[in-house]
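Residue numbers (my numbering): 83 to 297.
One structure below.
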């Protein structure tokens with residue numbers, strides 16, 4: 083009997099002290115699990131932002147800035163998301179007035195070329211808003227292709243020259259801007275390149291939308 087009483091007493095005491103330790107732990111370390119969880123959540127958010135930033139950079143640095151898997155039905159949503167296009171409007175209107183090119187068309191070209199990223203750099207080396215190649219930029223007298231004013235002025239000047247060369251035919255001028263004048267002359271029209279055809283269609287789609295916005 084004494085042994086049984088001793089065991090029951092020991093068991094009760096043990097349960098008592100376990101309960102004390104549990105309660106003490108709750109009061110002493112109330113935020114440990116919460117903080118740890120939030121720390122991981124914050125880390126996940128940071129990584130997610132880094133991935134998003136990397137993805138955005140990759141998108142804005144596509145060589146021809148034209149994705150064949152894209153569809154023109156996405157263009158309206160894409161334009162609505164480009165809230166940063168406004169700061170370049172004054173430069174666009176100045177160049178449009180100087181070289182007598184429609185502002186809506188210039189805006190469409192910039193959108194198709196760089197998505198309005200002044201730091202855009204393609205794998206082939208095209209730079210800035212209107213994606214000027216270094217040799218072309220030098221020939222046009224562009225000192226800094228990543229400077230929006232220099233880039234827009236040089237790009238519009240170049241596009242105007244293409245318009246004159248192809249007797250005002252906007253489609254051929256766009257084809258030359260994208261693929262090169264020699265291919266337009268070689269094929270006596272728009273070259274049979276999928277990327278170039280898609281580029282032209284995309285610019286015209288942007289153009290139709292910008293025409294409604296530009297007064």
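Where is the CB? At the ideal position from N, CA and C, for every residue including glycine.
The structure displayed is predicted, hence computed values, not measured ones.
Checking 7 Å against the spacing of the C-beta atoms, do residue 190 and residue 285 come in under that value? Yes.
Which residues mark the beginning and the end of the alpha helix (DSSP H) in which residue 172 is found? Run containing residue 172: 171 to 181, per the alpha helix (DSSP H) assignment.
When you compare only the Cα positions, how much space is there between residue 255 and residue 275? Distance between residue 255 and residue 275, taken at the CA atoms: about 15 Å.
Backbone secondary structure at residue 256 - three-state DSSP: It is helical.
Contact under 7 Å by Cβ, residue 257 with residue 266: Taking 7 Å as the Cβ cut-off, residue 257 and residue 266 qualify as a contacting pair.
According to DSSP, what are the bridge partners of residue 209? Residue pairing by DSSP places residue 209 opposite 203 and 214 in a beta bridge.
To which residues of the same chain is residue 230 closer than 7 Å at the C-beta, ignoring the five residues directly before and after it? Hits under 7 Å: 170, 173, 200 and 211.
If we call anything under 7 Å between Cβ atoms a contact, is residue 236 one with residue 261? By the CB criterion at 7 Å, residue 236 and residue 261 fall outside the cutoff.
If we ignore side chains and look at the alpha-carbon of each, how far apart do residue 242 and residue 205 end up? Whole-angstrom Cα-Cα distance: 26 Å.
Could you check what DSSP says for residue 270 in three-state terms: helix, strand or coil? Of the three classes helix, strand and coil, the one that applies to residue 270 here is coil, per DSSP.
Return the CA-CA distance between residue 179 and residue 263, expressed in angstroms with no decimal places. Rounded to whole angstroms, residue 179 to residue 263 spans 24 Å at the Cα level.
Three-state secondary structure assigned by DSSP to residue 301: This structure cannot speak to residue 301, because the chain is shown only from 83 to 297.
Straight-line gap, residue 203 to residue 277 (C-alpha atoms, nearest Å): Straight-line Cα distance between these residues: approximately 18 Å.
Span separating the alpha-carbon of residue 223 from that of residue 233: The alpha-carbon atoms of residue 223 and residue 233 are separated by roughly 10 Å.
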